[in-house]
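Asker: One structure, pasted below without further comment.
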Amino acid sequence: MTEAWIWPPGLPGPSAHVRRRAGDLVLRHPAPDAGKPEALLAALRNGHRVLAAIPSGDLVRMVGAAAETLTVEIGSASIQEVAANARLSSPMTRVILDGMAASWNTDALDRLVRTEFPDPRALDGFVAETEPRAGESTDASAKRRVRAAAPPVTLHFGAGSVPGVSVTSMIRALLVKSAVLVKPGAGDIALTVRFARLLHRADPRLAGAAAVQYWPGGAPQWESWERGLLTGADQVVVQGSGATIEAIRARAPASTRLIEHPHRIGVAIVDPVGAPGAAASTARAAALFDQRGCVSTHLVLLLSGRDLAAHWCGELAASLAATATALPAGPSTPGELSARRQLEGRVAMKAAASPAIRLWTSDGAGWSVVLGPSEAFEPGGGRTVWVVQVADPEGALGVLSSLSPVLQTVGLAGLDGRAGFAEALCSLGATRIVPLDRVPFPEADWFHDGSRPLRELVRWGELR
Amino acid sequence: MPDELLPEIAEVTDELLLLFRQAGAGLDRHGAFDSLALRVHAAQRVCNPVLSRFWGAASPDEPSAWHEIPPVPVQAFREVPIVAGRAEVVFRTSGTTGGAGRRGEHHVASLELYRAAARNNYRRHLFGGAAMVDVISLVPSPATVPDSSLATMSGFIAREPEVARTTWAFHPGRGVDLDAFREAAAAAVSDRRPILLLSTAFALVQLLDGLGRERSRLPEGSRIMETGGFKGRAIEMDQATLYGRAERTLGVPRSHIVNEYGMTEMLSQAYDHVAGEGRRTSERVLRFPPWVRTRALDPADLAALPPGRPGLLAHFDLANAASVCHLLTEDYGHTTEDGGVRLLGRAPGAELRGCSLAAESFLRALGRGAGARAATS
Numbered sequence: 001m002t003e004a005w006i007w008p009p010g011l012p013g014p015s016a017h018v019r020r021r022a023g024d025l026v027l028r029h030p031a032p033d034a035g036k037p038e039a040l041l042a043a044l045r046n047g048h049r050v051l052a053a054i055p056s057g058d059l060v061r062m063v064g065a066a067a068e069t070l071t072v073e074i075g076s077a078s079i080q081e082v083a084a085n086a087r088l089s090s091p092m093t094r095v096i097l098d099g100m101a102a103s104w105n106t107d108a109l110d111r112l113v114r115t116e117f118p119d120p121r122a123l124d125g126f127v128a129e130t131e132p133r134a135g136e137s138t139d140a141s142a143k144r145r146v147r148a149a150a151p152p153v154t155l156h157f158g159a160g161s162v163p164g165v166s167v168t169s170m171i172r173a174l175l176v177k178s179a180v181l182v183k184p185g186a187g188d189i190a191l192t193v194r195f196a197r198l199l200h201r202a203d204p205r206l207a208g209a210a211a212v213q214y215w216p217g218g219a220p221q222w223e224s225w226e227r228g229l230l231t232g233a234d235q236v237v238v239q240g241s242g243a244t245i246e247a248i249r250a251r252a253p254a255s256t257r258l259i260e261h262p263h264r265i266g267v268a269i270v271d272p273v274g275a276p277g278a279a280a281s282t283a284r285a286a287a288l289f290d291q292r293g294c295v296s297t298h299l300v301l302l303l304s305g306r307d308l309a310a311h312w313c314g315e316l317a318a319s320l321a322a323t324a325t326a327l328p329a330g331p332s333t334p335g336e337l338s339a340r341r342q343l344e345g346r347v348a349m350k351a352a353a354s355p356a357i358r359l360w361t362s363d364g365a366g367w368s369v370v371l372g373p374s375e376a377f378e379p380g381g382g383r384t385v386w387v388v389q390v391a392d393p394e395g396a397l398g399v400l401s402s403l404s405p406v407l408q409t410v411g412l413a414g415l416d417g418r419a420g421f422a423e424a425l426c427s428l429g430a431t432r433i434v435p436l437d438r439v440p441f442p443e444a445d446w447f448h449d450g451s452r453p454l455r456e457l458v459r460w461g462e463l464r
Numbered sequence: 465m466p467d468e469l470l471p472e473i474a475e476v477t478d479e480l481l482l483l484f485r486q487a488g489a490g491l492d493r494h495g496a497f498d499s500l501a502l503r504v505h506a507a508q509r510v511c512n513p514v515l516s517r518f519w520g521a522a523s524p525d526e527p528s529a530w531h532e533i534p535p536v537p538v539q540a541f542r543e544v545p546i547v548a549g550r551a552e553v554v555f556r557t558s559g560t561t562g563g564a565g566r567r568g569e570h571h572v573a574s575l576e577l578y579r580a581a582a583r584n585n586y587r588r589h590l591f592g593g594a595a596m597v598d599v600i601s602l603v604p605s606p607a608t609v610p611d612s613s614l615a616t617m618s619g620f621i622a623r624e625p626e627v628a629r630t631t632w633a634f635h636p637g638r639g640v641d642l643d644a645f646r647e648a649a650a651a652a653v654s655d656r657r658p659i660l661l662l663s664t665a666f667a668l669v670q671l672l673d674g675l676g677r678e679r680s681r682l683p684e685g686s687r688i689m690e691t692g693g694f695k696g697r698a699i700e701m702d703q704a705t706l707y708g709r710a711e712r713t714l715g716v717p718r719s720h721i722v723n724e725y726g727m728t729e730m731l732s733q734a735y736d737h738v739a740g741e742g743r744r745t746s747e748r749v750l751r752f753p754p755w756v757r758t759r760a761l762d763p764a765d766l767a768a769l770p771p772g773r774p775g776l777l778a779h780f781d782l783a784n785a786a787s788v789c790h791l792l793t794e795d796y797g798h799t800t801e802d803g804g805v806r807l808l809g810r811a812p813g814a815e816l817r818g819c820s821l822a823a824e825s826f827l828r829a830l831g832r833g834a835g836a837r838a839a840t841s
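For the protein sequence lines, the chains are A and B, in the order given. When you line the first sequence up against the numbering used here, it's residues 1 to 464, in that order. When you line the second sequence up against the numbering used here, it's residues 465 to 841, in that order.
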């Protein structure tokens, strides 16, 4: 059985456990205990005091080494455990972990810290602010010293079933010296606990500042537990649906910093003439994470005429079929299969009613390609790619203008050298504009939903 | 939809009207159901080119039996009007279930056909043994919610000759009208006439909550038709608990509480027993009239499953002759050896999401608005 929790050493263990299923994994975690949040947070506060004394450079090396061990030591049995928890296939899980590991190693974390903090010693104490900006006074009296300090304890609510999301969040908190309690998404428990165990093993100073526990968010019997944590934590990072974010907003006191990462969709803009391999890249960008990632591509805006668009959709369907062989979809529940049947039926009926809509579906492999007008688009999930044909880049911008509130990653293919296009995308709300083949795995220092990943976790102090 | 093609459907509809009024007599003869189903299918293909194209894309083969006709997923009712000819009424789903931006619409070409399909069954299951009844409806009146199939059926029931008086005690927006209920119940007690209480499960909970500790014993012989579950509602209660509370508060024994299963997209209904029959709730199974066939399908490949094996329920309802007969529902359940159906709820296993936006949230975020049978909308 998988343990879905790990607390700082020295804290008395739980008096009772609860068993539950998460994905295809049976696991157990402590039963709700109204007195525990306070003790857990107190232990983490103590851990923070020790953590804060570690020089930033050392911390990067310690956390990076643990993350490297995670990816090196994880064997096929562990991959299967992570896959069963996330209900992904084992080959897909391996590719996801390899992809994410590139942003967890020591070099990547060192780059991340240096990108976020030009003088990383600002995480250790006051430092002279770096280079004055153009036009600013160089008068000595105007100079200041600055300090980046994270609140003692960060509570993190993870999203759903993409393995690695909570590991990333835990790493970010520790790098800014905030002790962290992670409630991983239901499908991201196994990997998060495994990483926390490595942190505990690596150094007692990390062990005291890192805790993981799963509980069913929003469940009535966990109400006082959740409220206790929301009240006691200094800041809360929440990745989740609109409903989850609203529920946490409603219960977190005003004094608690709330950092929100709502669900998003990814879009690709493709000029097929300039990017002959774009269908394969699109298939990969949609298929990775079984289309559950916030970076996952759901919609393709294709710069082409109707005939070419239909031809390209055929290529995309073939690429999705090939991807389904190399990276099979995870097992589906009856509910997921039912949702897929209904979606396909709706689209098939739309296609029967309108020659503007065409549909390519797999025979059991779980992917679909829909060619149709932008008004019909809705994210289907499970490797469903909607293709909307547009005449030119301006047409693409016109479609995206209605998606602004939910936009995040835009993958480009065949659009190199179009000046001003990225500016326009950014003004529509896109926060990550990258070549299409780099969509699935953001770099460690990416602007997560438009925020700097470490800076969003710290408060700045100035000393004049 | 081309009106001139309506006669193709009208011809078979006339035949169905007669069949329904005779309680489906003769449909159990070998090949009779298939023969009628294939004729209806052929007429639908002629009258509805959209459906014809849908079926053509789903399977190139000509069906030789009703179950070879590809079922239409019920969410397809959200996309296009599925009707052979002009609709007499449009029923809309309640919009309480997730998944898409629009309410499903069932364009019904003949209310007479709907009434004929529903009547035999509700009379048999709800009126058995009662000379006269008073109806109290916690389903809104058809005048209030003309696009609700359930409200329309309640209107049919209210017009039955055995109904002395009908009280509509539920208002969309305001919920259960407790005063109207109390007044109607007191009048029935005074007249010593049993009550037929029509209610969604949700409204019944509202009534019982509203009555609180107050005991409002309904006259002997009273019965309850409960339907609809709690799809998308803030409160949920299992059926045994609900029936227990109804028995204690209203004095209606479980033997007189009948569960009805229906959906906006389907004109026939199933009932789990005849009011007053002493069957235990755990032994009850839903039964459709003989012009409906139900299968449980494997959600992976839509292969038919044997009795006892749960899957997605697909119904073939001849009463849907003017729209589409073969429906793939979102309900999960299994068939029984003797032709009954056990409903287990929605297919288990919520869709897995990571941090990618689900369709429902997407539509909400973009301000585009979101079916279950409309009872209170």
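C-beta atoms are modelled at their ideal positions from N, C-alpha and C, and glycine is treated no differently.
Along the chain, where does the alpha helix (DSSP H) containing Y214/A start, and where does it finish?
Answerer: Run containing Y214/A: none; DSSP gives neither H nor E here.
Asker: I want to verify the contact list: residues of chain A whose CB lies under 7 angstroms from the CB of A540/B, in sequence order.
Answerer: Going along chain A in sequence order, the residues near A540/B (Cβ under 7 angstroms) are G345, R346 and M349.
Asker: Would you say Y725/B reaches chain A, if we count a Cβ-Cβ gap shorter than 8 angstroms as a contact?
Answerer: No, no contact with chain A.
Asker: With distance defined between alpha-carbon atoms, name the residue in E344/A, G158/A and L198/A nearest to I74/A.
Answerer: It is L198/A whose Cα lies nearest to the Cα of I74/A.
Asker: Around the Cβ of R550/B, are there at least 16 other Cβ atoms within 10 angstroms (buried) or fewer (exposed)?
Answerer: Label assigned to R550/B: exposed.
Asker: Does DSSP classify I245/A as helix, strand or coil?
Answerer: Correct three-state label for I245/A: helix.
Asker: Between G232/A and the ligand SAM, is there a pair consisting of the residue's CB and a ligand heavy atom that are separated by less than 7 angstroms?
Answerer: The ligand SAM is not part of the structure shown, which contains no ligands of any sort.
Asker: Run through chain B and tell me which residues come within less than 7 angstroms of L400/A, C-beta to C-beta.
Answerer: Those do not exist, as L400/A stays about 12 angstroms from chain B at its closest Cβ, beyond 7 angstroms.
Asker: Does F470/A come out as helix, strand or coil in the three-state DSSP assignment?
Answerer: Residue 470/A cannot be examined here, being either before or after the span of chain A that is shown, 1 to 464.
Asker: May I have a chain-ordered list of the beta strand (DSSP E) segments no shorter than 3 residues that lie completely inside the region 518-554 of chain B?
Answerer: Segments of the beta strand (DSSP E) lying fully in the region 518-554 of chain B: there are none.
Asker: Near V476/B, what residues of its chain come up, given a Cβ to Cβ distance below 7 angstroms and the 5 sequence neighbours on each side ignored?
Answerer: Excluding positions up to five away in sequence, the list reads R503, V504, A507 and A785.
Asker: Can you check which of these residues, D781/B, G715/B and A704/B, is closest to R744/B by C-alpha distance?
Answerer: The option with the nearest alpha carbon to R744/B is A704/B.
Asker: Reducing DSSP to helix, strand and coil, say where S663/B ends up.
Answerer: The answer is strand: DSSP assigns S663/B an E or B state.
Asker: Compare the beta carbon distance of W312/A and S319/A with 8 angstroms and say whether it is the shorter of the two.
Answerer: Their beta carbons are not under 8 angstroms apart, which means W312/A does not touch S319/A by this criterion.
Asker: Could you give the residue range of the alpha helix (DSSP H) that holds R583/B?
Answerer: Start and end: L575 to L590.
Asker: Thinking G592/B and A811/B are a contact (beta carbons under 8 angstroms), I'd like their distance in whole angstroms, please.
Answerer: Going by Cβ atoms, the distance from G592/B to A811/B rounds to 34 angstroms, so no, they are not a contact pair.
Asker: Do three or more CB pairs link the region 713-728 of chain B to the region 672-690 of chain B at distances below 8 angstroms?
Answerer: As far as the Cβ criterion goes, the region 713-728 of chain B touches the region 672-690 of chain B, which means the pair count is three or higher.
Asker: Is the CB of R111/A under 8 angstroms away from at least one CB in chain B?
Answerer: Not one chain B Cβ lies under 8 angstroms of R111/A.
Asker: Please report whether the beta-carbon of G772/B lies at a distance below 8 angstroms from any beta-carbon of chain A.
Answerer: Closer than 8 angstroms: no.
Asker: Spatial neighbours of V43/A within its chain, please: CB distance less than 6 angstroms, with the 5 preceding and 5 following residues excluded, ordered by chain position.
Answerer: In the sequence under discussion, the amino acid at residue 43/A is Ala, which differs from the Val named in the question. So the list reads P8 and L11, once near-sequence residues are dropped.
Asker: Do three or more CB pairs link the region 397-417 of chain A to the region 351-358 of chain A at distances below 8 angstroms?
Answerer: The answer is no - the region 351-358 of chain A does not touch the region 397-417 of chain A, with fewer than three Cβ pairs under 8 angstroms.
Asker: In whole angstroms, what separates the C-alpha of A66/A from that of G240/A?
Answerer: The straight-line gap from Cα to Cα measures roughly 27 angstroms.
Asker: Report the rounded CA-to-CA distance for G685/B versus P753/B, giving the unit in angstroms.
Answerer: Taking the straight line joining both Cα atoms gives about 25 angstroms.
Asker: Using the beta-carbon of each residue, which ones in chain A are nearer than 7 angstroms to P527/B?
Answerer: By Cβ distance, chain A contributes nothing, its closest Cβ being about 17 angstroms from P527/B, past 7 angstroms.
Asker: When we look at the beta-carbon of P534/B and count the other beta-carbons within 10 Å, is it buried (16 or more) or exposed?
Answerer: Buried is the call here.
Asker: Is there a Cβ of chain A sitting closer than 8 angstroms to that of T561/B, yes or no?
Answerer: Caution is warranted here: a pLDDT of 45 is assigned to T561/B, below 50, making its placement in the model unreliable, and the coordinate value is therefore given only provisionally. For T561/B, the answer is no, since every Cβ of chain A falls outside 8 angstroms of its Cβ.
Asker: Quick one: is L454/A buried, meaning 16 or more other Cβ sit within 10 Å of its Cβ, or exposed?
Answerer: Buried: at least 16 other Cβ atoms inside 10 Å.
Asker: Please list the segments of the beta strand (DSSP E) lying wholly inside the region 709-739 of chain B, counting only runs of 3 or more residues, in order along the chain.
Answerer: Counting whole runs of 3 or more residues, the region 709-739 of chain B contains the beta strand (DSSP E) stretches 721-727 and 730-735.
Asker: What do you get for L500/B, buried or exposed, if any count of 16 or more other CB atoms within 10 angstroms of its CB means buried?
Answerer: Answer is buried; the Cβ neighbour count reaches 16.
Asker: For the region 329-342 of chain A, enumerate the residues whose C-beta is nearer than 7 angstroms to any C-beta of chain B, in chain order.
Answerer: Within the region 329-342 of chain A, the residues whose Cβ lies closer than 7 angstroms to some Cβ of chain B are T333, P334, G335, E336, L337, S338, A339, R341 and Q342, listed in chain order.
Asker: Examine the Cβ distances between the region 20-36 of chain A and the region 80-87 of chain A and report whether three or more of them are shorter than 8 angstroms.
Answerer: Taking 8 angstroms as the limit for Cβ pairs, the verdict is that the region 80-87 of chain A does touch the region 20-36 of chain A.
Asker: Quick check: what's the CA-CA separation for F484/B versus A580/B?
Answerer: So the two alpha carbons sit approximately 6 angstroms from each other.
Asker: Could you tell me which residues DSSP puts in a beta bridge with Q342/A?
Answerer: DSSP, once it has assigned bridges, lists no residue as partnering Q342/A.
Asker: Have a look at A128/A, V153/A and G64/A and flag the residue whose alpha-carbon is nearest the alpha-carbon of L51/A.
Answerer: Among A128/A, V153/A and G64/A, the Cα nearest to that of L51/A belongs to V153/A.
Asker: In the DSSP output, which residue or residues are listed as bridge partners for V18/A?
Answerer: H29/A, per the DSSP bridge assignment.
Asker: For the region 780-800 of chain B, which residues have a beta carbon sitting closer than 8 angstroms to at least one beta carbon of chain A?
Answerer: Answer set for the region 780-800 of chain B: L792, E794 and Y796.
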